[in-house]
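Participant:
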């Protein structure tokens with residue numbers, strides 16, 4: 007099943023969806039996919055089409071592949087402009103992914119501050135070739151995502167740059183309008199920002215993740231390349247703190263992201 011089919015499965019039957027092993031990230035299902043699936047379940051509970059403004063995501067436990075997952079959503083409050091929801095992915099009686107979301111309708115405002123310019127990086131045609139999917143070497147979910155490095159180093163390259171990133175898009179997906187669920191996958195497709203600092207392979211994962219969406223989202227296609235860059239702000243005792251952003255190819259800001267990551271080295 008590709009990304010679109012898995013989101014459709016959540017909408018059709020949130021009580022039971024199994025993630026195929028092709029979406030694995032080590033012993034867990036790809037976090038960006040899990041967040042997107044919980045988000046889709048949350049949208050089903052909204053009374054209107056107010057857009058998502060922010061999501062706070064905790065990866066409580068690894069979500070196993072090929073084991074049914076139930077998606078539960080509580081509407082904590084639905085105000086005139088802002089709705090707050092709490093979504094859970096539950097597998098074998100245990101919460102594996104927890105998401106608090108804030109959805110807000112637009113308001114007229116006197117305040118307007120433009121986004122900072124996108125981080126400078128090599129143009130797509132000058133960036134590194136697509137990182138290939140290599141069975142047993144790269145995570146399984148990488149068969150569904152295309153990355154082209156343009157900033158910083160690859161994982162386990164001993165590169166001590168604070169920044170890492172490049173170009174990203176989904177593979178194996180039809181041409182359709184890009185939405186917030188796709189952005190979740192594009193942002194989380196990148197490895198933890200601490201991994202390039204290592205000189206040998208070691209496990210790393212996201213502990214908590216907060217993402218904010220810049221609304222309205224531009225009219226982009228799922229086939230379009232986007233730019234991503236993350237900056238490690240601090241790391242010690244196996245935990246790192248990083249801030250990132252995703253832009254369109256033209257440099258229009260799409261999302262802002264913060265993660266607490268763990269590294270077992």
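Residue numbers (my numbering): 7 to 271.
Just so you know, even glycine gets a beta-carbon here, dropped at the ideal spot from N, CA and C.
1. Got a sec? Which residues, its chain only, sit under 6 angstroms from residue 197 by beta carbon, not counting five neighbours each side?
2. In its own chain, which residues sit with a C-beta less than 6 angstroms from the C-beta of residue 152, not counting the 5 before and 5 after it?
3. Sort 207, 204 and 147 by Cα distance to residue 194 and report the nearest one.
4. For residue 240, which residues in the same chain have their Cβ closer than 6 angstroms to its Cβ, ignoring the five residues on either side in sequence?
5. Whole angstroms is fine: what's the gap from residue 231's alpha carbon to residue 267's?
6. Quick one: what does DSSP say residue 132 is sitting in, helix, strand or coil?
7. Between the segment 30-49 and the segment 94-103, do three or more beta carbon pairs fall short of 8 angstroms?
8. What's the C-alpha gap between residue 171 and residue 23?
9. Got a sec? Which residues, its chain only, sit under 7 angstroms from residue 206 by beta carbon, not counting five neighbours each side?
10. Which stretch, first to last residue, makes up the alpha helix (DSSP H) that contains residue 193?
11. From residue 129 to residue 154, what does the alpha carbon distance come to, in whole angstroms?
12. Let me check understanding here. Comparing Cα to Cα, which of 102, 112 and 201 lies closest to residue 88?
13. What are the uninterrupted segments assigned as alpha helix (DSSP H) that are 4 or more residues long and contained completely in the segment 209-253, given in chain order?
14. Please list, in chain order, all residues of the same chain as residue 183 whose beta carbon is under 8 angstroms from its beta carbon, the five residues on each side excluded.
15. Out of 255, 131, 210 and 257, state which residue places its alpha-carbon closest to the alpha-carbon of residue 243.
16. Here's the rule I'm using: 16 or more other beta-carbon atoms within 10 Å means buried, otherwise exposed. How should residue 31 be labelled?
17. Can you check which of these residues, 47, 258, 165 and 255, is closest to residue 16 by C-alpha distance?
18. Is residue 201 helix, strand or coil by DSSP?
19. How big is the Cα-Cα spacing for residue 260 and residue 212?
20. Tell me which residues share the same chain as residue 254 and place their Cβ nearer than 8 angstroms to its Cβ, disregarding the 5 neighbours each side in the sequence.
Facilitator: Taking the coordinates as given:
1. Excluding positions up to five away in sequence, the list reads 161.
2. Excluding residues within five positions, the ones whose Cβ falls inside 6 angstroms are 136, 175 and 177.
3. Of the listed residues, the one whose Cα sits closest to residue 194 is 147.
4. Counting only Cβ-Cβ distances below 6 angstroms, and skipping sequence neighbours, we find 247.
5. Our two residues, residue 231 and residue 267, have alpha carbons roughly 25 angstroms apart in a direct line.
6. Correct three-state label for residue 132: helix.
7. As far as the Cβ criterion goes, the segment 30-49 touches the segment 94-103, which means the pair count is three or higher.
8. In a straight line, the C-alpha of residue 171 is about 32 angstroms away from that of residue 23.
9. For residue 206, same chain residues with a beta-carbon under 7 angstroms away, outside a window of 5 residues either side, are 162 in chain order.
10. Segment 186-194, the alpha helix (DSSP H) holding residue 193.
11. As the crow flies, the alpha-carbon of residue 129 is around 10 angstroms from that of residue 154.
12. It is 112.
13. Correct list: empty.
14. Residues of the same chain with a CB within less than 8 angstroms of the CB of residue 183, apart from the 5 flanking positions on each side, are 225, 226, 227 and 228 in chain order.
15. If we check each option's Cα against that of residue 243, 210 comes out closest.
16. So residue 31 ends up on the buried side.
17. Cα-wise, what sits closest to residue 16 is 47.
18. Three-state result, residue 201: helix.
19. Answer to the nearest angstrom: the Cα atoms are 21 angstroms apart.
20. Within the same chain, residue 254 has close Cβ partners 224, 226, 230, 232, 233 and 260.
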